[in-house]
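Structure first, commentary second.
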Amino acid sequence: MSMFLHSVLFQMTEEQQQKWLQPLLDYELIGTYAQTELGHVGKVVTHAIVAARLITRGKDHGIHMFMCQLRSMEDHTPLPGIELGDIGPKLGYANIDNGFLRLDHVNPDGSYVAPSHSKLSYNSMVQIRTGMVLDMGSGLVKGSTIATRYSAVRRQTELIAIEIAFLMCGQQLLENYRSYISQTENGDFSALPELHSSTAGLKAFATERCRQGLEVLRMASGGHGFSSASTFPELYGSYAPACAYEGENTVMLLQTARMVSQGARCLEADLKGGMSNATAWNNNHLHLLAGSNAHCHLFVLDTINQAVENAVCEDATKRILRTLVQFYALDGIVENKGEFLESGYLSINQVDLVSKQLINLLAVIRPNAVSLVDAFDIHDDKLGSVLGRYDGNVYENLYKWA
C-alpha cells in the first residue's frame, strides 16, 4: 500500500474519504506523499499529501498533513503557485518518476481541528518502514539465489540466514502494526512510541545489511557479477537507495537510541558530570548507534527464534532452520566482536570459540544451501539472472546474452 493511499485510509475523516478515496481507487487522480527531501513528486501525479507546518491565524500548530491538488484535471498543467519538475538521473529506480515540488503561496487563514493523536501522521511512515524490512529480505533472497546457484557457496551461507531472518521479522512487524491499527480504532495509541522506534531502527538495520550483502554476493560471483547478465547491478540499484529514503539510516538509528539509551553508561557518565543533554548526546553518537544496532539484532534474533520454534514442519526442516538461527546469532557476535571485547562481556578465548562454532555451522548449512534458496521458488523470468538460472546452464546462455 502506498503512503498516499495509507494516509487517505487511516488519517482522513469519513467525510474526507468520501471525497477522495473512490477517485483514487479508480485512478481518476494520481497521488504521492511529499515530505522533506526532493524525490517524491514526479511528472504524472495530480495530488499530493504534503507534510508541512500548519500556521493559521498567527498560531503554529506544528507539522501536519495536507491534501493538495497540484495539477489541473483538464490539461495536467501545474496550478498557479505550484512549481514542479523532475530531479534527473539517479542511482537505481530509473523507472520511477521522481521530482520536486515548490509552493510559493499559502493561505494563512482558516480554522484548526486537532487530530485524534498528535503523532497520527507517523502511521504512514511506520507502515512503510515495516514493509521495508520484508523487502530487504526479498532483495537478499534474489541475490543469494543467484550467487548460491552460480558459486561454490563461499560467503553466501551467512546471507541466507540473514534473508530468512528479515523475512520472518518483517512478518512479525506487520502483525504488530496491524494490532496497533486495531487498537487505534478504540482511541488507544499507546503502542505507537515503541512501534515507531523499533521500525525506525530496523529499517536502518535491514537496509544496510541488504546493501552490504548484495555487494558481498556480487563479489562472490566473480567477474560475471559485474555484468548486467547477473542482475546484481539492477538489484544493487534497486535496494541500496533504501538506506537513504524513508529516513537516512543514521537518523533512524538515533531515533531508536532514544528508546534504548536510558541505560547507556557513557551517556549517564557525561550527564552526571554536568554536561548538557544535547552535548552528551552528540558526544556519544557512536556508542548510541552501536547500541541501536545491537538492539535491532537482538529484536530480529528473538523474533526468528520464536518463529522457528513455533513453526509446524518436518523435523529435518526444523533442524536446519534452528541451525540458521544459531548462525545468525553467532554471526552478529563475530561481526561486532570489538564491542563485546571492549565492554568485557566476552573474553578473547570466548570470541575464538564463537568463531570456531560459526565455521562448524557452515559445514552443516553448506550442503543445504541450494535447497534453501530453491525453496523460495523464484521463477527464472522473475529472477532475471543468467548466473542464477535454475537449470545451471550458465555459460552457454551468457554467450547468448552477450
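Counting from 1, position 131 in the sequence shown corresponds to residue 131 in the UniProt record's numbering; the numbering is continuous, with no gaps. Where a beta carbon is used, it is the ideal one built from N, C-alpha and C, also for glycine. Computed from a predicted structure; not experimentally measured.
CA-CA distance, Tyr328 to Asn397, rounds to 35 angstroms. Under the criterion of beta carbons closer than 8 angstroms, Val308 and Val334 do not qualify as touching, at roughly 21 angstroms.
Minimum Cα-Cα distance from Gln172 among the listed residues Lys59, Ser7 and Thr303 corresponds to Thr303. In terms of Cβ geometry, Thr32 and Ala51 do not form a close pair [threshold 8 angstroms]. CA-to-CA, the gap between His105 and Glu83 works out to about 11 angstroms. If you draw a 10 Å sphere on the C-beta of Ser144, you find 16 or more other C-beta atoms in it, and that means buried. Segment contact: the segment 228-236 against the segment 125-132, fewer than three CB-CB distances shorter than 8 angstroms; contact not assigned. For Leu167, the CB contacts under 7 angstroms within the same chain, skipping 5 residues up- and downstream, are Leu134 and Gly137 in chain order. With contacts defined as CB atoms closer than 8 angstroms, Val141 and Glu163 qualify as a contacting pair. Under the three-state reduction of DSSP output, Ile304 falls in the helix class. Considering only Pro78, His295, Asn186 and Met252, the residue with the shortest C-alpha distance to Leu103 is Pro78. An exposed status is given to Ile96, since fewer than 16 other beta-carbon atoms sit within 10 Å of its beta-carbon.
DSSP places Gln35 in no beta strand (DSSP E); its state is neither H nor E. With respect to Tyr239, Cys210 sits close: the two C-beta atoms are nearer than 8 angstroms.
Counting along the chain, the unbroken beta strand (DSSP E) around Ala51 starts and ends at His47 to Thr56. Taken in chain order, the complete alpha helix (DSSP H) segments of 4 or more residues contained in the segment 246-321 are 249-260, 265-272, 277-283 and 285-310. Per DSSP, Leu387 lies in no alpha helix (DSSP H) segment and is marked neither H nor E.
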